[in-house]
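Residue numbers (this note's numbering): 6 to 495. All C-beta atoms, glycine included, are put in the ideal place defined by N, C-alpha and C.
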Amino acid sequence: MTELERKQDRAPVPSSWDYAPAPEARDLVQVRERYGHFVGGGWLEPKETYATIDPSSEESIAEVGQATKEEVELAVGSARDAFENSWSAISPSERAKYLFRIARILQERSREFAVLESLNGGKPIRESRDVDLPLSAAHFFYYAGWADKLEYAFPNRKPRPIGVAGQIVPWNFPLLMLAWKIAPALATGNTVVLKPAETTPLSALLFADVLRQAELPPGVVNIVTGDGRTGAALVKSPGVDKIAFTGSTEVGKAIQRELAGTGTHLTLELGGKAANIIFDDAALDQAVEGIVNGIYFNQGHVCCAGSRLLVQESIYEPLIGKLKRRLATLRVGDPLDKNTDVGAINSRQQLDKIKQLVASGEEEGAAIYQPPCKLPEKGYWFAPTVFTNVAQSYRIAQEEIFGPVLSVLTFRTPDEAVEKANNTAYGLSAGVWTEKGSRILAMAQRLRAGVIWANTYNRFDPSSPFGGYKESGFGREGGRHGLEPYLEFE
Ligand code: NAP
Ligand code: MG
6 MTELERKQDR
16 APVPSSWDYA
26 PAPEARDLVQ
36 VRERYGHFVG
46 GGWLEPKETY
56 ATIDPSSEES
66 IAEVGQATKE
76 EVELAVGSAR
86 DAFENSWSAI
96 SPSERAKYLF
106 RIARILQERS
116 REFAVLESLN
126 GGKPIRESRD
136 VDLPLSAAHF
146 FYYAGWADKL
156 EYAFPNRKPR
166 PIGVAGQIVP
176 WNFPLLMLAW
186 KIAPALATGN
196 TVVLKPAETT
206 PLSALLFADV
216 LRQAELPPGV
226 VNIVTGDGRT
236 GAALVKSPGV
246 DKIAFTGSTE
256 VGKAIQRELA
266 GTGTHLTLEL
276 GGKAANIIFD
286 DAALDQAVEG
296 IVNGIYFNQG
306 HVCCAGSRLL
316 VQESIYEPLI
326 GKLKRRLATL
336 RVGDPLDKNT
346 DVGAINSRQQ
356 LDKIKQLVAS
366 GEEEGAAIYQ
376 PPCKLPEKGY
386 WFAPTVFTNV
396 AQSYRIAQEE
406 IFGPVLSVLT
416 FRTPDEAVEK
426 ANNTAYGLSA
436 GVWTEKGSRI
446 LAMAQRLRAG
456 VIWANTYNRF
466 DPSSPFGGYK
476 ESGFGREGGR
486 HGLEPYLEFE
């Protein structure tokens, strides 16, 4: 062997220019083998348990409680006791201090939380780290600021807390949805029983440790884990004064029926089928980034995802060409790898739902495109998908897929864009891409959606209200508007 050949053997030059693995350290977070329910500031040993898994490997991470009706009642009782005997009696500025502490502790422990969120939910670490965690902390900071200013937020209306809030959150943004629920509830002087989603309970259980560090009085926040039965028990509990729910339209409707006529306050943040509208004067490369961020962010598990792309006909071909090229660069794989763009689908159930809807799209006659990508063998995965040749009547244009699947439609005039965008049972969000400011304002006036982004997509800020019209629910979260559902007025 010549000297040169020997060197080539261990040549430092890689054979292909692929990314090297860049895994975040899993041991940043200590997961216990078994968790109970967090009730009255301590752990309640659960009667029943189930295993929560890592959807990228299907491996079990921990045993968590499946709260029974009796356990839910203990949590509600503890929240009632805390409301009457400690939380409502302390001054608003003291309440604010606890919220500030929680926000700062979340910042300090953000890497730990980000790893846990990706481990239990399947979302890329880049997103947990750069979106979920900073926004969760920001939400607590923001509402900390309101706690002692409620009389200024609602002048001459004498706001007072409602009492015990039962809060039910989904699995797509487990910690962020917890923050959206708990921060305004505490700022307004209510106490809480929170139920995380069945598949993603771990960040809420770690949050119990943040509450301990913040020395929040026992019982002000209680956390019960379990599946839909636990949620239903919380909704039915006579001790709950307000239900705040984020999840599917189907369950939202069932909750509304259950609570009709009971006097229990209710807000619902449900599904969506947003239109992301691209006019022919838009900056196309930026629009492509916005489209990708609109539907492939968090594997498309986003209620306000831009799942229907409406493209003006004259730019259809160049735009779809650019979009397909961009899709080929998305990296699908290990959620804990810092280079991953699209992580694991949250559960087998959700994967089955995505597959079923995608099959319906092919059957109904849409053209499917998926970039070449190798999906891991274990775990739940779905390649980024674009459907073209989609008619408005197809299921993939009507139903929420809640996965990395985009349906493309076209339009010629602004009127047609508005008509198609509003042709949905939902009304949560929309996007408009155009160079013209006047067109943005005109479109925003006519689109029936709670949030409208212009030349951007999926941007969130605690100071701006979020919520839907029609089957997307009612009530607003975020901003000054987000205080109101947790208050009664004289
Ligand atoms: P879901 O069943 O509505 O779940 C939302 C939350 O409600 C979870 O904590 C859930 O517990 C709980 N729940 C289930 N049945 C209940 C009941 N009868 N009473 C009270 N609470 C109940 O939604 P999902 O099963 O997670 O997902 C189904 C579909 O909902 C998705 O495919 C998607 O289309 C939509 N979704 C929308 C959003 C959104 O942000 N708007 C978020 C997630 C899902 P379990 O976890 O045990 O089900
Ligand atoms: Mg469910």
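Note that the C-beta distance between Arg234 and Ala279 is not below 8 Å. Judged by beta-carbon spacing, Pro222 lies beyond the 8 Å limit of Ala209, meaning their Cβ atoms are not closer than that value.
The beta carbon of Phe407 is closer than 6 Å to those of His306 in its chain, skipping five residues each way along the sequence. Taken through DSSP and simplified to helix, strand or coil, Val81 comes out as helix. Taking 7 Å as the cut-off, one finds at least one heavy atom of the ligand NAP near enough to the beta carbon of Gly236. Three or more beta-carbon pairs separated by less than 8 Å link the stretch 25-35 to the stretch 109-127, which places the two stretches in contact.
Val197 carries a strand assignment under DSSP once its states are collapsed to helix, strand and coil. With fewer than 16 neighbouring CB atoms inside 10 Å of its own CB, Phe494 falls in the exposed class. Following the DSSP letters along the chain, one finds Gly70 inside the beta strand (DSSP E) bounded by residues 64-70. Within the chosen limit of 7 Å, the ligand NAP does not reach the beta carbon of Ala184 with any heavy atom. Contact between the stretch 165-172 and the stretch 187-194 is present, with at least three C-beta pairs closer than 8 Å.
In this structure, Ala454 and Ser469 do not form a Cβ contact; the two beta carbons are roughly 14 Å apart against a cut-off of 8 Å. Judged by DSSP secondary structure, Tyr321 falls within the alpha helix (DSSP H) whose first and last residues are 321-332. For Ser319, same chain residues with a beta-carbon under 7 Å away, outside a window of 5 residues either side, are Asp285 in chain order. In the displayed model, Arg39 falls within a strand according to three-state DSSP. Rounded to whole angstroms, the separation of the alpha carbons of Ala188 and Thr251 is 15 Å.
Straight through space, the alpha carbons of Phe105 and Glu220 are spaced by roughly 12 Å. Beta-bridge pairing by DSSP links Gln172 to Leu199, Ala249. For Gln397, there is no enclosing beta strand (DSSP E), as DSSP marks it with neither H nor E. Ranking Glu89, Gly82, Leu362 by CA distance to the CA of Val229 puts Gly82 first. Boundaries for Trp151: no beta strand (DSSP E) harbours it, while the alpha helix (DSSP H) harbouring it runs 138-151, taken from the DSSP string. The way I'd put it, the stretch 73-82 does touch the stretch 242-261; three or more beta-carbon pairs between them come closer than 8 Å. For Trp458, the enclosing beta strand (DSSP E) covers residues 456-459.
In the structure shown, Tyr474 adopts coil according to DSSP, grouped into three states.
Assignment of Asp466 by DSSP, reduced to helix, strand and coil, places it in the coil class. Residues Ala67, Glu68 of the same chain have their beta carbon placed closer than 8 Å to that of Glu38, with the five preceding and five following residues left out of the count. The DSSP assignment places 280-283 as complete runs of the beta strand (DSSP E) inside the stretch 271-309, in order along the chain (cut-off: 3 residues). For Gln403, the Cβ stays outside the 7 Å cut-off from all heavy atoms of the ligand NAP. For Pro175, the distance from the CB to the nearest heavy atom of the ligand NAP is below 7 Å. For Trp185, the enclosing alpha helix (DSSP H) has its first and last residue at 179-192.
For Ser253, the CB falls within less than 7 Å of some heavy atom of the ligand NAP. Nearest to Leu271 by alpha-carbon distance, out of Leu289, Tyr24, Pro490, Lys475, is Pro490. In the DSSP assignment, no residue is bridged to Phe387. A contact is defined here as three or more CB-CB pairs under 8 Å, and the stretch 151-162 fails this definition with respect to the stretch 128-139. Distance from the CA of Val256 to the CA of Ser93, rounded to the nearest whole angstrom, comes to 31 Å. For Gly233, the shortest separation between its Cβ and any heavy atom of the ligand MG lies below 7 Å.
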